[in-house]
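Asks:
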Amino acid sequence: MSCYALVDCNNFYASCERVFQPALTGRPVVVLSNNDGCIIARSDEAKALGIPMGAPLHEYAPLLKRQKVAVFSSNYALYGDISARVMDQLTFFTPDVEVYSIDEAFLGLDGFTPAMLPDHMRQLRRSIRQWTGIPVSVGVAPTKTLAKLANRIAKKYTSDGVYVMDDPELMTRILGDIEVEDIWGISKRWGARLRRMGIGTALQLRQASPRQIRQALSVVGERIVHELNGRSCLALEEIQPRKTIMSSRSFGTMISNRSDLEEAVASYTARAAEKLRRQRSRAGGIYVFIRTNRFRQQDPQYSNAAMVGMDEATSDTAKLIRAAMGALRHLWRAGYRYHKAGVMLTDLVDDHGDQASLFQTHLYTRGRDMAAERKTSDRRMAALDQINAAMGQGTLFHATEGLTPGGHHHREKRRHNLPKAERWRMRAQFKSPAYTTRWSDLVRVR
DNA sequence: TCTGGGGTCCTAGGACCC
DNA sequence: TCTGGGGTCCTAGGACCC
Numbered sequence: 003m004s005c006y007a008l009v010d011c012n013n014f015y016a017s018c019e020r021v022f023q024p025a026l027t028g029r030p031v032v033v034l035s036n037n038d039g040c041i042i043a044r045s046d047e048a049k050a051l052g053i054p055m056g057a058p059l060h061e062y063a064p065l066l067k068r069q070k071v072a073v074f075s076s077n078y079a080l081y082g083d084i085s086a087r088v089m090d091q092l093t094f095f096t097p098d099v100e101v102y103s104i105d106e107a108f109l110g111l112d113g114f115t116p117a118m119l120p121d122h123m124r125q126l127r128r129s130i131r132q133w134t135g136i137p138v139s140v141g142v143a144p145t146k147t148l149a150k151l152a153n154r155i156a157k158k159y160t161s162d163g164v165y166v167m168d169d170p171e172l173m174t175r176i177l178g179d180i181e182v183e184d185i186w187g188i189s190k191r192w193g194a195r196l197r198r199m200g201i202g203t204a205l206q207l208r209q210a211s212p213r214q215i216r217q218a219l220s221v222v223g224e225r226i227v228h229e230l231n232g233r234s235c236l237a238l239e240e241i242q243p244r245k246t247i248m249s250s251r252s253f254g255t256m257i258s259n260r261s262d263l264e265e266a267v268a269s270y271t272a273r274a275a276e277k278l279r280r281q282r283s284r285a286g287g288i289y290v291f292i293r294t295n296r297f298r299q300q301d302p303q304y305s306n307a308a309m310v311g312m313d314e315a316t317s318d319t320a321k322l323i324r325a326a327m328g329a330l331r332h333l334w335r336a337g338y339r340y341h342k343a344g345v346m347l348t349d350l351v352d353d354h355g356d357q358a359s360l361f362q363t364h365l366y367t368r369g370r371d372m373a374a375e376r377k378t379s380d381r382r383m384a385a386l387d388q389i390n391a392a393m394g395q396g397t398l399f400h401a402t403e404g405l406t407p408g409g410h411h412h413r414e415k416r417r418h419n420l421p422k423a424e425r426w427r428m429r430a431q432f433k434s435p436a437y438t439t440r441w442s443d444l445v446r447v448r
């Protein structure tokens with residue numbers, strides 16, 4: 003039987019700020035997003051005041067003032083540093099650590115005797131508190147999904163912040179009280195879909211037919227069913243280099259000037275390139291997007307993006323910026339007030355492996371795709387030619403402009419006289435008359 | 001006036017090939 | 001209006017996460 007723990011830092015950013023200002027203990031604390039726009043972390047006291055996650059600051063400013071809430075701008079350098087210390091402590095307790103996010107880690111506990119787990123985990127919690135000042139909660143269970151739930155229980159109902167899920171009968175009772183939306187991997191939208199199927203609690207989902215859930219929520223949903231039943235489908239994963247690297251910001255004030263926009267995109271590209279080099283990768287492509295403020299309904303709206311393929315994968319900031327500027331030349335339109343822009347580095351390759359042959363394939367298929375585009379859309383072709391002519395560096399092979407949802411729909415309707423759901427059903431029937439699930443389908447292999 | 005910034009995985013469908 | 005079947009590769013879009 004497998005065994006996992008989820009270690010989760012309580013109200014992480016707020017706790018980090020408190021480490022350096024112990025006087026804030028017992029007082030409500032919130033931390034703000036980049037431009038001080040949203041509230042992205044809250045201490046327990048702040049949550050008790052009814053301040054929701056992601057709330058716009060301007061809506062809650064009066065309440066914060068009235069309640070004397072301590073308000074911080076975010077300090078990611080600090081949070082990253084404290085996070086590293088917390089994760090470092092974990093390795094003293096087990097070598098099997100998967101850092102899942104800045105404030106969470108899964109532990110593999112297969113070698114431990116069940117009887118000693120609670121004490122061991124309490125000790126882990128104490129030592130993290132002692133060495134970093136950060137309070138954590140620990141949930142232990144046979145699968146990652148159950149460990150996530152165990153962690154919730156540890157946070158909400160225990161005094162020592164540790165909960166080990168080992169009593170099957172008690173577990174059944176607990177799952178009956180958990181809403182489906184509180185399960186890891188089930189959000190509002192999927193929750194609503196499940197409720198329409200008569201599934202509202204974790205217990206009901208556990209008892210549901212894996213096949214039916216797969217039809218509704220894909221293999222991802224089916225995995226959750228198995229995981230709730232104690233069959234582990236999600237293994238501990240190794241840390242690996244990122245597959246994409248993003249850098250984006252909304253501007254403090256809106257930008258109409260083209261050179262200001264260029265400056266912003268260039269600096270985002272530089273920042274992304276730094277991250278790229280830090281993980282020893284090179285980028286084969288760069289995606290650039292710009293947009294107006296979607297909240298200002300009264301303003302004319304514009305949003306566009308383009309993707310540039312580099313001639314050769316690179317981590318050279320200057321080259322990447324030239325490519326980004328080429329994309330931007332195409333994207334920019336006068337007369338709009340821009341509010342946000344960003345770049346994403348894609349097609350990342352390792353600095354060590356045999357990336358050369360891998361990249362050859364990409365170049366080849368891209369050429370083929372361009373030929374295909376010519377067939378399907380004259381409009382897109384004209385755009386592509388225009389852009390490619392304008393670009394000195396790299397080859398642009400995709401532009402979102404000209405690809406309208408309407409166009410998709412139109413083609414779709416012409417080609418198929420059956421609705422999508424019906425086609426899908428027929429196809430599924432035809433392909434697999436007898437439903438079987440291979441374990442290899444369920445277990446995610448990286 | 002103000003409303004975040006990152007990531008990952010899965011599936012359907014199109015293009016292409018034989 | 002109909003117009004094979006099997007396979008691969010790729011992309012867009014839709015989900016989800018913190």
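Sequential numbering from 3 applies to the first sequence in the numbering used here.
Every residue, glycine too, gets a C-beta built ideally from N, C-alpha and C.
Treat the numbers as computed from the prediction; the structure is a model and nothing was measured.
1. Note down, in chain order, each residue of its chain lying with its Cβ closer than 6 Å to the Cβ of P97, except the 5 sequence neighbours on either side.
2. Below 8 Å, can you find three or more Cβ-Cβ pairs linking the segment 242-251 to the segment 103-117?
3. When DSSP labels each residue in this structure, what does R413 get in the three-state scheme?
4. Expressed to the nearest angstrom, what Euclidean distance is found between the alpha-carbon atoms of V31 and G311?
5. Look at the alpha carbon of V290 and the alpha carbon of H122, and state the distance between them as a whole number of angstroms.
6. Report yes if the CB atom of V164 is closer than 7 Å to the CB atom of A156, and no otherwise.
7. Run through DSSP, which three-state label would D46 get?
8. Could you tell me whether the Cβ atoms of V227 and A210 are closer together than 7 Å?
9. If we ignore side chains and look at the alpha-carbon of each, how far apart do M173 and A117 end up?
10. Along the chain, where does the beta strand (DSSP E) that runs through Y62 open and close?
11. Which partner residues of C40 appear in the DSSP bridge assignment?
12. Identify every residue that forms a DSSP beta bridge with R117.
13. Between T93 and V101, how many whole angstroms is the CB-CB distance? I'm expecting something under 8 Å.
14. So, for H341: in the same chain, excluding its five sequence neighbours on each side, which residues have a beta-carbon less than 7 Å away from its beta-carbon?
15. I need the DSSP call for Y338, collapsed to helix, strand or coil.
16. Relative to the C-alpha of A86, which candidate in I130, A143, I323 has its C-alpha closest?
17. Just to confirm, are P144 and G232 a CB contact at a threshold of 7 Å?
18. Per DSSP, which one or two residues make a beta bridge with R284?
19. How should A72 be labelled, buried or exposed, when 16 other C-beta atoms within 10 angstroms of its C-beta is the threshold for buried?
20. Looking at the secondary structure, which residues open and close the beta strand (DSSP E) in which V221 lies?
21. From the DSSP secondary-structure annotation, give me the bridge partner or partners of I292.
22. Give the DSSP-derived three-state secondary structure of A275 in the structure shown.
23. Near W186, which residues of its chain fall below 6 Å by C-beta distance, leaving aside the five closest residues on each side in sequence?
24. What distance in whole Å lies between the Cβ atoms of A326 and A268, which are believed to be in contact at a cut-off of 8 Å?
25. Could you pull out every residue in the same chain whose Cβ sits closer than 6 Å to the Cβ of R282, ignoring the five residues on either side in sequence?
26. Using the three-state DSSP reduction, which class does I247 fall into: helix, strand or coil?
27. So L444 is in the alpha helix (DSSP H); what residue range does that whole segment cover?
28. Identify, in the order they occur along the chain, each residue of the same chain with its Cβ nearer than 8 Å to the Cβ of L1, setting aside the five sequence neighbours on each side.
Replies: Looking at the atomic coordinates:
1. none
2. no
3. Low local confidence applies: a pLDDT of 26 at R413 is under 50, so the model's placement there is unreliable, and no value is given.
4. 45 Å
5. 48 Å
6. yes
7. helix
8. yes
9. Going by the C-alpha atoms only, they are around 17 Å apart.
10. Segment 59-68 is the alpha helix (DSSP H) holding Y62; no beta strand (DSSP E) there.
11. P58
12. Rather than Arg, the amino acid found at residue 117 in this sequence is Ala. None; A117 has no bridge partner.
13. In fact, because the Cβ distance is near 10 Å, the residues do not count as touching under 8 Å.
14. S252, F253, M256, R293, T294, N295
15. coil
16. I130
17. The answer is yes: Cβ separation under 7 Å.
18. DSSP output for R284 lists V351 as bridge partner(s).
19. Buried: at least 16 other Cβ atoms inside 10 Å.
20. That residue, V221, is in no beta strand (DSSP E); its alpha helix (DSSP H) goes 212-230.
21. N306, A343
22. Taken through DSSP and simplified to helix, strand or coil, A275 comes out as helix.
23. T147, K150
24. 7 Å
25. D353
26. For I247, the three-state secondary structure derived from DSSP is strand.
27. 441-444
28. Given a span of 3 to 448 for the chain in the structure shown, any question on residue 1 remains unanswerable.
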